[in-house]
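What follows is a single structure, written as structure tokens, with notes after it.
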Amino acid sequence: MTNFLDICEKAIYGPIMSEKDFDMKVFMPKIKELVRKYGIQYDRENPVPCDDKAADNLFHAAVEFLAAVGIYCQDTNRLIQFTKEEILEGIAKAPGQCHLGEGKDAKVFGMRKPDDQKIPWLHVGSGIVSTTEEMITNKIEAYASIPEVDSISIPALDSIRGIPVAAGSPVELYAAIRSVKIGRDALIRAGRPGLPICNLVATAASAVTTIAASAPQFGLRPTDGWLCGTVAENKMEYGTMNKIAYLLNWGANVGAETAPILGGYCGGPAGTAIVSTAYIMIGILALKGSYQLHFPVHFKYGCSTTRDVLWVVSASCQAASRNVPMPVIWLGYMAGGPNTRMYFYESAAWLLAATASGAPSVQTPHSAKAVKIDGFTPMECQFGVDMAKAAAKCDRQQANHLVKKLLEKYESQIDKAPSGDRYQDCYDVTKGKPSEAYVRLVKEVKEELSGMGISFA
Amino acid sequence: MDKNQILEKLAAVVMDGTEDEAKALAQAVVANKIDPLEAIEQGLSKGMEIIGGRFECGEAYLPELLMAAASFNAAMAVLKPEIEAQKKQLVKLGKVLIGTVKGDVHSIGKDIVASVLDTSGFDVVDMGVDNPSLNIIQQAEKIQADVIALSSLMTTTMPAQKEVIDTLKEMGIRQKYFVIIGGGPANQEWADRIGADGYGKSAIDAVTLVKGLMAKKR
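Right, here's the structure in full:
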């Protein structure tokens, strides 16, 4: 099986081409060709399809796609290519599990299959939704205090001592180290010091900051997880590769981070489903991930809860969970924000689609498209955990039925979704407790969902 | 084919994204002595407008838009020398410098805006991703841009949009440029707060915005 130095070598000696040619002459035409060749069709009437043969067909299309297209290295302008044999060997030898955490919170993150009743690995929190130093501890403590939680994402700090955090600046380095220390302290406060942090280092946009803030004296351990991402679509740069090289030398967990964009270079749902499935293999082969964070989103709406993206999530999750042994944390972006009914309808739909389709793990669906500062609260985490447990009781057919009913409630509102409250608007900032109104809203929504047949018991 | 048929076909091949056919039809424009500016306006631009509209309402995706732009440019490569030979002038609506700010490597949204502005008649210079503020300003000075368009996809890189505007002010050249912003976390409120001249939610929005700003300039 190819190791990471082999990947570096491929990045140096692979075929040279411009990025534009890669997009226009390699990536886009191949997607179009394979959608036709494999007869992959988006079924808007069934956002959660239930067809194992179709899932396996999608997997085979994705293997052919990856073998034909490869990954583009933006720093060398060369293609990192894999033969079909290398891809299949990589899949065959992938462990399908990842060891995360320390002490009593040390666990093995493994696989699930479609219609699996096993509760997925429960990953909570958000890294991309930045926050202030004043609020970060309360939030992390609250996320970690949910007993069922298996791993956590900690927020990015948006400023330190009032100075905005700019990517690649020394302030970013201060903030990244500070956020790591705060994160670990908050986990201790919650009584779970060994809980793995799996979105390292959220405050660091640059590789050098990530590596510097990861030095063990600041509190991180190899049993945490670091996100090392591709660039949409099928591209990688040296910053990511440098992080991977560092983490592999340390023996730390690499979290492959991938996000296909429906409506972007992938085209429509069928093409996006191929790319989405191929990305799970890229996580194993090129990024050398111990686990993966994967989040298909819609180009125009910036969320994952449109009918077509739900179908992509479900179809590619089924293809991957049946054929690719990679523990993937599936993440969705919701259009609605905290303290809105819309968020919870979307969250329920997305969690049903992913969980019933065999997602090994689901992360708290991100609110307000993850672009609202402080627009994420522990309440969404608690709901996500409860909903994921409920969704694990549903098979694909039941999930499909429920998702369609939920789409009726929110689909027409996606373009003008309410961005909701900030943490400080719906929580007591000092005590870290939600407002009565927010508690009431969630209770009402859960009663409504129970009435639809979703069992929270 | 008569003139109207050629113009209609030009629009159609742009929409289909077939570069070779676009080139062949542009050659037919020249051979049939059709005004190349009319061919652009009544053929190529019409096709781009339709595909842009489809993209905006979700009926077409980025590949269709980019293939259409490639066909548009393939035809333009044939028509431009003819325009020069006839001593006519292709009027550009303005010069736009576009780039993703420092620390941010996201490019798709920015690429789309650049492509749509280009095929809408603007002279577009794309600086790519991860651009330090001063580099953006120096490039704007060098090419004498009318508009600086700044993209950011992360809340952590949004401050760099403000930094460009603040630096322009410090250098005493803020008034020389319209500065517009875009990207996932950006919105009109952020644009107002940092003193940008506008915010574009989508590529089509950006075209409308820049056209409006350029009208003010004139």
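Chains A and B are the protein sequences, given in the same order.
Under numbering that gives the first Met the number 0, read the first sequence as residues 0 to 456, first letter to last.
Under numbering that gives the first Met the number 0, read the second sequence as residues 0 to 217, first letter to last.
Glycine residues also receive a C-beta, built at the ideal position from the N, C-alpha and C atoms.
These figures come from a predicted structure and were not determined experimentally.
ask   = Would you say Tyr299/A reaches chain B, if we count a Cβ-Cβ gap shorter than 8 Å as a contact?
value = Note that residue 299/A corresponds to Lys in the displayed sequence, not to Tyr. So yes, Lys299/A belongs to the interface.
Residues that DSSP places opposite Val361/A in a beta bridge = Beta-bridge pairing by DSSP links Val361/A to Leu121/A, Trp329/A.
task = Measure how close the beta-carbons of Ala141/A and Pro377/A come, nearest whole angstrom, since I'm counting them as under 8 Å.
result = The Cβ separation is near 3 Å, so the contact holds.
key: Ala69/B versus Lys79/B: straight-line alpha-carbon distance, rounded   = 15 Å
ask   = Which runs of the beta strand (DSSP E) spanning at least 3 residues fall entirely within the segment 181-229 of chain A, listed in chain order?
value = 224-228
ask   = Asp103/B versus chain A: which residues are under 7 Å apart at the beta carbon?
value = Ala166
task = Answer with yes or no whether the minimum CB distance from Thr154/B to chain A is below 8 Å.
result = yes
inquiry  = Considering only the alpha carbon of each residue, which of Ser303/A, Leu350/A, Gly263/A, Ile279/A lies closest to Arg321/A?
reply    = Ile279/A
query = So is Lys242/A buried or exposed if we call it buried at 16+ other beta carbons inside 10 Å?
reply = Buried: at least 16 other Cβ atoms inside 10 Å.
ask   = Is DSSP giving Ser411/A helix, strand or coil here?
value = helix
ask   = Looking at the unbroken alpha helix (DSSP H) that takes in Glu63/A, where does it start and where does it end?
value = 51-68
Val100/B, DSSP secondary structure in three states = strand
task = To the nearest angstrom, report how far apart Met0/B and Ala30/B are at their CA atoms.
result = 12 Å
request  = Return the chain-ordered ranges of every alpha helix (DSSP H) run that is complete within the segment 67-133 of chain B and spans a minimum of 4 residues.
outcome  = 107-118
message = Lys141/B and Asp122/B - do their beta-carbons sit closer together than 8 Å?
response = no
key: Exposure label - Thr207/B; buried when at least 16 CB within 10 Å   = exposed
task = Return no unless some Cβ of chain B is closer than 8 Å to the Cβ of Met16/A.
result = Under the Cβ criterion of 8 Å, Met16/A is not counted among the residues facing chain B.
ask   = Thinking just about the alpha-carbon of each residue, which of Val104/B, Val115/B, Leu61/B, Ala185/B is nearest to the one in Gly262/A?
value = Leu61/B
query = Between the segment 147-172 of chain A and chain B, which residues of the former have a C-beta closer than 7 Å to a C-beta of the latter?
reply = Ala155, Asp157, Pro163, Val164, Ala165, Ala166, Gly167
ask   = From the beta carbon of Lys29/A, is the nearest beta carbon of chain B less than 8 Å away?
value = So no, Lys29/A is outside the interface.
query = Among the residues of its own chain, which have a CB less than 6 Å from the CB of Ile453/A, if the five just before and after it don't count?
reply = Cβ neighbours of Ile453/A within its own chain (closer than 6 Å, five residues either side excluded): Ala389.
query = Taking C-alpha atoms, which residue in Asp424/A, Lys403/A, Asn252/A lies nearest to Gln96/A?
reply = Asn252/A
query = What residue does the beta strand (DSSP E) around Ile147/B start on, and which one ends it?
reply = 146-150
query = Since Val100/B contacts Asn134/B with CB under 8 Å, what's their CB separation in whole angstroms?
reply = About 10 Å; that fails the 8 Å criterion.
message = What does DSSP give as the partner residue(s) for Gln291/A in the beta ladder?
response = Ala255/A, Val327/A
message = So, at 7 Å on beta carbons, what are the nonlocal neighbours of Pro146/A in its own chain, with the 5 sequence-adjacent residues on each side left out?
response = none
query = Thinking C-alpha only, which one of Thr209/A, Ser360/A, Leu99/A is nearest Leu199/A?
reply = Thr209/A
key: Length of the line joining the Cα atoms of Lys2/B and Cys72/A   = 46 Å
query = Is Glu162/B buried or exposed, if buried means 16 or more other CB atoms sit within 10 Å of its CB?
reply = Taking a 10 Å sphere around the C-beta of Glu162/B, we find 16 or more other C-beta atoms and assign the residue as buried.
Interface positions of the segment 181-193 of chain B facing chain A (Cβ-Cβ less than 7 Å), listed along the chain = Gly183, Pro184
task = Using a Cβ-Cβ cut-off of 8 Å, state whether Glu236/A counts as contacting chain B.
result = yes
inquiry  = Determine whether the beta carbon atoms of Ser150/A and His122/A lie at a separation below 8 Å.
reply    = yes
ask   = Counting along the chain, where does the beta strand (DSSP E) carrying Val47/A start and finish?
value = Neither: Val47/A is in no beta strand (DSSP E) and is coded neither H nor E.
ask   = Would DSSP call Phe382/A helix, strand or coil?
value = helix
inquiry  = Rounded to the nearest angstrom, what separates Thr118/B and Ala277/A at their Cα positions?
reply    = 33 Å
ask   = Got a sec: is the Cβ-Cβ distance from Gly57/B to anything in chain A below 8 Å?
value = yes
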